[in-house]
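>
In the numbering used here, the protein residues as written are 800 to 848.
(1) What first and last residue would you give for the alpha helix (DSSP H) that runs through residue 823?
(2) How many Å lie between residue 804 and residue 821 at the Cα?
(3) Between which two residues does the alpha helix (DSSP H) harbouring residue 809 extend?
(4) Taking only the alpha-carbon atoms, compute the straight-line gap between residue 834 and residue 845 and give it to the nearest angstrom.
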């Protein structure tokens with residue numbers, strides 16, 4: 800996520816976590832899990848999460 804416009808996802812969550820709804824948090828988690836699953840299907844292991 801280091802190439803995200805405006806900073807990393809980690810920094811965004813750190814600064815805004817309390818302001819996000821549970822639905823927003825769920826969407827972030829789902830998208831991340833889906834992305835990692837896709838990478839694994841392609842034989843790519845991301846070890847810096």
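Beta carbons: idealized from backbone N, C-alpha and C, even for Gly.
All figures in this text were calculated on a predicted structure; none of them were measured in a lab.
According to the data block:
(1) For residue 823, the enclosing alpha helix (DSSP H) begins and ends at 821 to 840.
(2) C-alpha separation (whole angstroms): 23 Å.
(3) It spans 808 to 815 - the alpha helix (DSSP H) in which residue 809 sits, taken as one unbroken run.
(4) Residue 834 and residue 845 have their C-alpha atoms spaced approximately 10 Å apart.
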